[in-house]
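Before any comments, here is the structure.
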Amino acid sequence: MSTDQLEKARALELPTRDAMLRRDASVQRFWLDNRELLADAWQQWEPTVEAPLAALDDSLIAAPLRTAVDAAWADPSTESAVRDLWTEVAPGVFEAQFFDPERLADLRTYLSEAEEAEIPMRPPYGIVLNRGGAMLDRRSQGYLAAPAFQTLYQTMLDRYMRPISRLLFPEIVGYDTQTFGFSINYQPGTDTSIRPHTDASAVTLNINMNLPDEDFAGSAVHFFDQATGQSTPLTFAPGTAMIHRGGIPHAAEPITDGARSNLVLWLYGDRGQVPMIDIPRTELDARQRWSIPSTHADDFAPF
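Each residue of the sequence shown is one higher than the one before, starting from 1 at the first, in my numbering.
Following this line, the structure appears as structure tokens:
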């Protein structure tokens, strides 16, 4: 296979971080002008990796979740088995084992190889002081367009996140047609705490990508109960996910040792719409929850 596009992409000069943080017009032109070239380069990249890359498929998902979700897609009346895997660890915040910790190394290796591919990627500069990471959704400029990863990404959103969100948060139905995603990496000395904020999403799924032997200190996430004003500090075990409405205020403590890696996925409505706090719940039967919207993807990106 010819790697002409891969070589051309590697020869591009990436805009500076400062220019990206300033949202310079030249930065947007860079991504728009090179969008097709970068997509072609990612297509050519995977076969060039010297060490064979593990398949990115459902086998990465923790077996209990995968089994319950498979059963619910085959027979939605069994969806309670999916709900039972999610524990409410703070008001409106649920946690479950999402990835198999023993398979995380395969996904992390893939992402590490992608970082070393020398294909320009746009970091998620909407995240305060984040020094690593990538945009994951095709609506984002400079996203990680590697085909195998994109297949996994869509599986995570369509087969897992959306029906689980509808099960836990029925009011978001209709505000879950569009997707967004990014990865983050926090390290001591470069990142500080993130002040209380809400997400521009209807639902957020935050997955810890640290390997079982990758310890870190600090960086607990505080979720604030708007009814009581109390906060609950939570930490992530490897491969676990927390899912919550985007409107729940949360903040992160400084990381003091090690590093924390996460994948963050959002769902929201067309053109970024999110539900009001007191919106009535939409009544769906189980078959409707376990379905994929027919709405086409728009081009709205929160950042």
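For glycine and all other residues, C-beta sits at the position ideal for the given N, C-alpha and C.
Small disclaimer: the values here were computed from a predicted structure and weren't measured.
Query, Result
"Cutoff 6 Å; reference A227; Cβ partners in own chain excluding five residues on either side", "none"
"Chain-order list of residues whose beta-carbon lies under 6 Å from that of I243 (same chain, five-residue window excluded)", "F94 and L205"
"G246 classed as buried or exposed, judged by whether at least 16 other C-beta atoms fall within 10 angstroms", "buried"
"3-residue-minimum beta strand (DSSP E) runs that sit fully inside the stretch 10-63, ordered along the chain", "none"
"For D100 and G258, the rounded distance between their alpha carbons", "21 Å"
"Alpha-carbon to alpha-carbon, L85 and L37", "42 Å"
"Exposure label - R23; buried when at least 16 CB within 10 Å", "exposed"
"Cβ-based neighbour list, R162, same chain, cut-off 7 Å, excluding 5 preceding and 5 following", "D176 and L267"
"Per DSSP, cross-strand counterpart(s) of N208", "N262"
"Residue interval of the alpha helix (DSSP H) (run including D304)", "What the structure shows of the chain is the stretch from 1 to 303, and residue 304 is not part of that stretch, so it cannot be assessed."
"Cα-Cα separation between I255 and A220, rounded to whole angstroms", "8 Å"
"Beta-carbon spacing of L53, Y110 below 8 Å", "yes"
"Nearest candidate by alpha-carbon position, reference L168, set W31, V82, G174 and R122", "V82"
"According to DSSP, residues forming a beta bridge with H197", "H250"
"Burial state of I172 (16 or more Cβ within 10 Å)", "buried"
"Classification of G229 by the beta-carbon crowding that lies within 10 angstroms, buried from 16 upward", "exposed"
"Chain-order list of residues whose beta-carbon lies under 7 Å from that of D215 (same chain, five-residue window excluded)", "G258"
"Beta bridge counterpart(s) of D257 as assigned by DSSP", "A217"
"Under 8 Å between C-beta atoms of L56 and L107", "yes"
"Supposed contact pair F182 and V264 - C-beta distance, whole angstroms, cut 8 Å", "6 Å"
"S294 versus I279 - alpha carbon distance", "23 Å"
"Own chain, CB closer than 8 Å to A63, minus 5 neighbours either side, in chain order", "D100"
"Proximity to L211 [Cα-Cα], best of D199, G218, A237 and T78", "A237"
"Straight-line Cα distance separating A51 from D199", "38 Å"
"Cβ-heavy atom distance, T235 to the ligand GDP, below 7 Å", "Because no ligand of any kind appears in the structure shown, any question about the ligand GDP cannot be addressed here."
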